[in-house]
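For reference, the structure discussed in these notes is given below.
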Amino acid sequence: MAISPLLGTTVHDAARRTAEMLAVLLEPIGEATAVERLIAVLRAHGEPDPILISAADLTELRQAASDLRPVFAAADAGEAAARLNGLLAAHAGLPRLTDHHGTSGWHLHVDSRDDAPWGEWFLTSACLALSVLLAERQAPPAGLCESPSCGKPFVNVGRGSPRRYCSGRCATRERVAAHRDIHRA
Ligand SMILES: [Zn+2]
Numbered sequence: 284m285a286i287s288p289l290l291g292t293t294v295h296d297a298a299r300r301t302a303e304m305l306a307v308l309l310e311p312i313g314e315a316t317a318v319e320r321l322i323a324v325l326r327a328h329g330e331p332d333p334i335l336i337s338a339a340d341l342t343e344l345r346q347a348a349s350d351l352r353p354v355f356a357a358a359d360a361g362e363a364a365a366r367l368n369g370l371l372a373a374h375a376g377l378p379r380l381t382d383h384h385g386t387s388g389w390h391l392h393v394d395s396r397d398d399a400p401w402g403e404w405f406l407t408s409a410c411l412a413l414s415v416l417l418a419e420r421q422a423p424p425a426g427l428c429e430s431p432s433c434g435k436p437f438v439n440v441g442r443g444s445p446r447r448y449c450s451g452r453c454a455t456r457e458r459v460a461a462h463r464d465i466h467r468a
């Protein structure tokens, strides 16, 4: 899959794209809605049109998402690393540099070929991005929002300690709820 050099080649962007795709794939929504949202995410991250995702592709993408979820749920860097190593051993090929025939900047792939199916590309590109992020931060590369009403996947690309919530909105909601519980007690 070709990703533009401006938007898609950095590890942080690939990690964010992974979390955004995972959020769509883990949601219990219909096929057409899921495909529509996935295409919007890919387009926002620089994938050129036309973007075609078949029903079979979606099945493979959802399988990849359920394989990736334990990496996001990992309690610490060691568990995340073990999960990533397992997925890389099972699914990744040799590292390969590609510029998609001059249409993007040079970047690494560990899928089998440039036109690999979406599911294979998603799983291997996610593992690569999250592995680099883990090594860069020496911390879990990703998480699932701790808000009981949310649970959305996110990646730890910012500075500072790993986050607990997907967004400022969830963090505020949980802080307010905790405050209310203290006063009620
Ligand atoms: Zn959240």
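Going by the working numbering, the first residue of the sequence shown is number 284, and it counts up by one from there.
Backbone N, C-alpha and C define an ideal beta-carbon position, used for all residues, glycine too.
Since the structure is predicted, the reported quantities are computational estimates derived from the model, not experimental observations.
Which of helix, strand or coil DSSP assigns to residue i
i, result
"A372", "helix"
"V440", "coil"
"A358", "coil"
"T293", "coil"
"R379", "strand"
"L391", "strand"
CA nearest to the CA of residue i, picked from the options
i, options, result
"T293", "G451, A468, S450 and L416", "L416"
"R446", "G329, E457, S432 and L427", "L427"
"P424", "G329, G361, S349 and V324", "G361"
"D394", "E403, S387, G388 and T386", "E403"
"W401", "P333, A347 and R326", "A347"
"F405", "P333, D340 and P331", "D340"
"Q421", "A363, R300 and G451", "A363"
Assigned exposure category for residue i - 16 Cβ within 10 Å defines buried
i, result
"D464", "exposed"
"H392", "buried"
"E432", "The question names Glu, but residue 432 in the sequence shown is Ser. S432 is exposed by the Cβ-count criterion."
Residue(s) in a DSSP beta bridge with residue i
i, result
"N426", "What sits at residue 426 in the sequence shown is Gly, not Asn. According to DSSP, which records beta bridges pairwise, G426 is partnered with F437."
Presumed contact (8 Å Cβ cut-off) between residue i and residue j, rounded CB distance
i, j, result
"C410", "L367", "6 Å"
"L308", "A317", "7 Å"
"T407", "H374", "6 Å"
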